[in-house]
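All remarks here apply to the structure that follows.
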Amino acid sequence: MPSWENTPSGKMIAAVLSSPGADRPSKCFTMDRNYPKPTLPSQNWVLVKVKAAGLNRAELRGRNGDKPAPPEFGMFVDEFHPDPPKILGEEFVGTIEEAGSDTKFSKGELCTGFIYGGGKAFDGAYAEYVICPAERCFRLPQTSLSWETLGAITMSMWTAYGSLFEAGQLTKGATLLVHGATSSVGVWAILLAKDRGCTVIATTRKQEKAEKLRSVGADHVLLEHELNEQLKKLAPKGVDCLLELVGPDTIQSLALPNLAKHGSVVVTGVLTKQWAMKEFTPALIPPTRKMTFYSLEPGQEEAEGVEKVVGEIVKKVESGTFKPEMFLDKTFPLENVGEAHQYMEDNKAIGKVVVTIP
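Count along the sequence shown from 1, then add 1496; that gives the number in our numbering.
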């Protein structure tokens, strides 16, 4: 695996986390036009010229100087580092600049990659170039879509797709509840579920965001206050699948009591800082109900279908089935990444916030 001592070759533009925990996000980053350009740590890695990077809430914690949580749910243990890297950024779209001999890639191919974790021991995607393990890099089809549009599709869409159809086994005609629907994964969950012929109930804390969720396709939008009471009226027999994007702290009070027979709770997002239930026993799960978790982890069989599904969704965006304004909220240039963080931290977005790289 790479280390902090990765041997550089050349220079690149990067937004460096120079002052983690500063009082304003804009003060946390410094643009460096002579940052060391990384090299391949081994022949099963790729070097990517980054065109756009999607923001994730985990990056807010890194920017604030928070110590990374222990490897999330046991993933990526061999990459864990106790401190955030100097360059944040967990996901990207771009082109292959250099491909290791043990990979399937060729220079110039369009690609997307997922490099999870604020504690990874190598720099992230807020830069002109990034290295990525080949098993977490995927080809993109040739397309007329802009880089910022592509940057708002890949990771959020796949997380929603895997959560609903791989983990949740959602089928046509089922009822889905998206808890935390204004997140980028939540918006994609609405789009994908409606495209599959499902009824979608979305939640938000803010009334002013409800209309946007309806315009994306949600059949019903519920506000967080008195959510249990509203659900009992709307879905008295429960929902078939509940996508939990807020965190595990409401599983016992909200998710499990509102599942239909043979329904599933899929825990995917952690918008809060609570990573685990305070107390858990399998007996908490009602009979004939299920609870599971989804993430794209290397080695999982689900990863084999990423390129196929992403390609299909790109075509649907090109055809107008899914419109960029539905899932892409706002774009910032790399030099304004601090403003992008502030925008996300203020919970202004409904969908994806993307940073473009020169």
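A virtual CB, placed ideally from N, CA and C, is assigned to each residue, including glycine.
(Q) Can you find the residues in the same chain that come closer than 8 Å, C-beta to C-beta, to V1810, ignoring five residues on each side of it along the sequence? (A) Counting only Cβ-Cβ distances below 8 Å, and skipping sequence neighbours, we find L1636, P1637, T1639, L1641, L1646, I1649.
Q. Rounded to a whole number of angstroms, what is the C-alpha to C-alpha distance between G1561 and F1588?
A. Put simply, the backbone Cα of G1561 is about 22 Å away from that of F1588.
Q | 8 Å contact criterion, which V1742 and H1837 should meet: CB distance rounded | A | Actually they do not touch by this definition, with Cβ atoms about 20 Å apart.
Q.
On the DSSP letters alone, give me the boundaries of the beta strand (DSSP E) that P1829 sits inside.
A. Counting along the chain, the beta strand (DSSP E) containing P1829 begins and ends at 1824-1829.
(Q) Rounded to whole angstroms, what is the Cα-Cα separation between S1680 and V1849? (A) Distance between the alpha carbons of S1680 and V1849: 8 Å.
Q: Tell me whether the beta-carbon of K1547 lies closer than 8 Å to the beta-carbon of W1643.
A: Yes, they are a contact pair.
Q. Taking the alpha-carbon positions, what's the V1605 to L1830 distance?
A. A quick correction: the sequence has Glu, not Val, at residue 1605. Cα-Cα distance, rounded: 23 Å.
(Q) Quick check for students: name the residue ranges of the beta strand (DSSP E) that lie wholly in the stretch 1637-1702, counting only runs of 3 or more. (A) List check, beta strand (DSSP E) in window: 1671-1675, 1695-1700.
Q) Is the beta carbon of T1784 less than 8 Å from the beta carbon of H1758? A) By the CB criterion at 8 Å, T1784 and H1758 fall inside the cutoff.
Q. By Cβ distance, which residues of its chain are closer than 6 Å to G1585, with the 5 residues on each side in sequence left out?
A. Correct list, in chain order: A1549, G1620, A1621, Y1622.
Q | N- and C-terminal bounds of the beta strand (DSSP E) containing C1850 | A | One point to set straight first is that residue 1850 is Val, not Cys, in the sequence displayed. Here the beta strand (DSSP E) through V1850 covers 1848-1852.
Q: Rank G1658, T1671, K1812 by C-alpha distance to the C-alpha of Y1790 and give the top, closest one.
A: Out of G1658, T1671, K1812, G1658 has the C-alpha closest to the C-alpha of Y1790.
Q | Cβ neighbours of N1724 in the same chain (closer than 8 Å, five flanking residues each side left out) | A | Within the same chain, N1724 has close Cβ partners S1749, L1750, P1753, N1754.
**Q.** Bridge-paired residues (DSSP) for E1594
**A.** Under the DSSP definition of a beta bridge, E1594 partners with L1543.
Q) Under three-state DSSP, which class holds I1809? A) In the three-state reduction of the DSSP assignment, I1809 falls in the helix class.
Q | Spatial distance of D1842 from D1598 (CA atoms) | A | Cα to Cα, D1842 sits roughly 43 Å from D1598.
Q: Report all residues from its chain with a CB closer than 6 Å to the CB of G1609; omit the five preceding and five following residues, and keep chain order.
A: For G1609, where only same-chain residues beyond five positions count, the Cβ hits under 6 Å are F1588, C1628, R1632, C1633.
Q: Take the Cβ of F1776 as the centre, count every other Cβ of all protein chains shown within 10 Å, and call the residue buried at 16 or more, exposed below.
A: Sixteen is the threshold: since fewer than 16 other Cβ atoms of the shown chains lie within 10 Å of the Cβ of F1776, the residue is exposed.
Q) Does DSSP put S1711 in a helix, in a strand, or in coil? A) Annotated three-state conformation of S1711 is helix, per DSSP.
Q. Which residue or residues does DSSP assign as beta-bridge partners of F1789?
A. Bridge partners of F1789 according to DSSP: V1763.
Q. How big is the Cα-Cα spacing for I1853 and S1514?
A. Their Cα atoms are separated by approximately 19 Å.
Q: Sort E1555, G1693, R1701 by Cα distance to F1525 and report the nearest one.
A: Closest by alpha carbon: E1555.
Q. The beta strand (DSSP E) with H1716 in it runs from where to where?
A. Run containing H1716: 1716-1719, per the beta strand (DSSP E) assignment.
Q | Cα-Cα separation, L1727 to V1544 | A | Using only the alpha carbons, I get a separation of about 46 Å.
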